[in-house]
Structure formats: C-alpha cells, structure tokens
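Presented below is the structure to which this report refers.
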Amino acid sequence: MADATVQGYDIIGDVHGCATQLEALLSELGYHKRSSTSEYRHPERQVIFVGDLIDRGDEQLRVLEIAKDMVDAGSARIVMGNHEFNALAYDTEWPLGSGKYLRAHDDPDDPWSAKNTKQHAAFLAQVTGADRRRFLDWFATIPLWLDLGGLRVVHACWHPQSISVVEEQCGSSTPFHELDHLVAAATEGAPLYQAVETLLKGPEISLVAHGQGRYLDKDGIPRGNARMRWWNSEAVTLRDFAEMGGNFTTEAGAPYPPLPERDLSGTDLSYVYPPGVPVFYGHYWRQGSPEHLHDWTDYTACVDFSAVKGGALTAYRWSGEDRIRPQHYVRAAR
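If you read the sequence shown in our numbering, its first letter stands for residue 2, the second for the next number, and so on.
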C-alpha cells in the first residue's frame, strides 16, 4: 500500500449530493465523526471517493464539507469525476472577457447551453458565494486518477494511453490548476480533450461504423455511439462490448434491435482492461446488487449504484486482495 499506516481503503461511489446516505455509509464502515469538524475518521482505513460528489442531490454543501475535511485531514483521498470537471468548465470564462464559458451556459447560440444549466442548477442553488469559490478552487487540485500500487482508482475508465497523454502534456495527474490545461481539456479535437473524456466519461464505440443505426437516448437525442464495456476482458463481439442498457429506440421510435455478435478489431479491444492490478471506478449508474461481468470482474469493480436515483450508496472494502471479492461490497442503509 502507498501509506504504511493505512490497513485498507474504502472506495465510495458517486455521492451526487446524498449526504445522509454518505454519513450512514461512513458509520457502517466504522468511521467516526470528529466533533470539531465535518471529518470522519477510521483508526486503520482510508476512504477514496471516485468523484461526482456534486449535482442532482439535495445535500451538496454538506457532502462537500465532509469530503474536503476528510481529504484535508488525511482520512480520505479523491479522484475527479466528470461533474467536478464540468463545474470548473462552467465557471471558466473563455476567451477572457467574451461572456462565453468553457461549458456553455446563458448562451442562446449554443444548443447545449440550457441542458448544461439544468444539469448544474442544484449545485448553483445550494453552493453559493465564498463556499462555491472555495470548493471550485479545491476541485482544481483533485487528481484524475490514483495508482497506489496494489489498486487503482479512476472515475470512468483506466486507460494507460490517456493517462500518458495527460502526463506528457501536463506533467502530473492534477492538471487543472493551470488555465491552459483546463482550456485544452474542454476544447474538442485537442489530444487532452479526448484523454480526459476517456478517463472521466469512458470510451465509446461507433455503432454506425459497425453498420448499425442510431438510437435515441433518454433525453431523445440521436446517438451513433455506445459506451464500451472496457471492464469486460471476455468481450469479443459488438454485442459483448457495447453498453446498450436501457429502453432505447430507433430514430423512428421502434425498440432498438439487439446488436449483432460481430467480432471486433484490435483498435476497439485496446480499451479492455487486462488482468493484473484491481481497478475501481464509478460513473455508470448501476442498479440493484453487484453482478459478475456487469459490475465486477476479477480485476475491476464499479461502485456507482445510483444513490441519487433511489439506489444504495455503495463502497468496496479493499484490504490488499489481488482479485475482486464481491462480498467486500458494503451498502448504506436506506
């Protein structure tokens, strides 16, 4: 382990403003609140948050106070989620003095402006003034990944090539204290943009390039790509590899047909995580109880189980094992 005084790590999934569940889970895991701060501490273990502390939920300020106090005190670590990255981009005017922002809002010329504001509205309402500035400044210090030797943590996808791009262009896993790095990461077409997209949102596979039609997503937006099941080392066909859960329809409104069992090329399969060091991630809005191959494999474990949408806030208790043990999942009581 990276810290000899730490006997294990508790990797907590996307919190999205659910402070009540977070405090219940911390208590279930044996962490106790220090009376003078929002910090929770365990005598032998450390929390790792997988990002997406914010947006959607009703207790975002409390979540941020707990997480930051724990990180500052050394009782937790954290990696960045796409929602923390989005918050930085939403707040950053670019070009300076233009009235436009890296993540568009209040911009009638940008078709994504209204959607971006709607997604971020709860954070803007709940985290205001000096608190907002304090936490945005903190977001800029959060690393994109953690490699602690015996385990790895990333928000959406562990991809060595993308990690290399960030290291080569930015010099570290915490690039966003530099404005030019944030601008590049938010600029479509830049190498840093694609690398950060992969790490924070996960890779996608083109269905259209494989002869399939587009589908309508949950917001009615036509999509030609699907998320990759990069965690499934047994995937060999398009049906295995494309994440198409949900009641998607074709653009004509018919149910989207099953994907064919067509073998994929090495380029697509290069995203598959190989056997080796266990990696933990969030982001994917899992539901129910953890299932083999869908939620966990021998070397990968998702800890996002849709806490803000009625699921249970979930952690994985890692104590040095070199393969995932599903009995180590712990869920907050509801």
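For every residue, glycine included, the Cβ atom is placed at its ideal position computed from N, Cα and C. For clarity, every value in this text was computed on a predicted model and none was experimentally measured.
Start-to-end residues for the beta strand (DSSP E) that takes in residue i
i: Asn226; result: 226–229
i: Val166; result: From DSSP, Val166 is part of no beta strand (DSSP E) but of the alpha helix (DSSP H) over 161–171.
i: Leu147; result: 146–148
Coarse secondary structure for residue i, derived from DSSP in three states
i: Pro258; result: coil
i: Gly9; result: strand
i: Gln195; result: helix
i: Asp132; result: helix
i: Ile79; result: strand
i: Thr301; result: strand
i: Ala243; result: strand
i: Arg57; result: coil
i: Ile49; result: strand
i: His84; result: helix
Bridge partners - residue i, DSSP secondary structure assignment
i: Ser207; result: Asn226
i: Arg215; result: According to DSSP, Arg215 bridges with nothing at all.
i: Lys34; result: Tyr41
i: Gln120; result: Answer is none; Gln120 lacks a bridge partner.
i: Asp264; result: Thr238
Burial state of residue i (16 or more Cβ within 10 Å)
i: Val166; result: buried
i: Gly82; result: buried
i: Asn117; result: buried
i: Pro112; result: exposed
i: Asp132; result: exposed
i: Ser207; result: exposed
i: Asp11; result: buried
i: Gln22; result: buried
i: Thr188; result: exposed
i: His293; result: exposed
i: Asp110; result: exposed
Minimum C-alpha distance to residue i - residue among the options
i: Ala122; options: Asp299, Asn87, Val237, Ala316; result: Asn87
i: Ser39; options: Glu235, Phe249, Arg63, Phe281; result: Arg63
Closer than 8 Å: residue i CB and nearest the ligand HEM heavy atom
i: Trp146; result: Questions concerning the ligand HEM fall outside what the structure shown contains, since it holds no ligand whatsoever.
Span of the alpha helix (DSSP H), counted from its first residue to its last, around residue i
i: Ala316; result: No alpha helix (DSSP H) contains Ala316, which is instead part of the beta strand (DSSP E) from 315–319.
Contact with chain B by residue i, beta-carbon distance below 9 Å
i: Thr250; result: Judged by its chain identifiers, the structure shown contains no chain B, having just a single protein chain.
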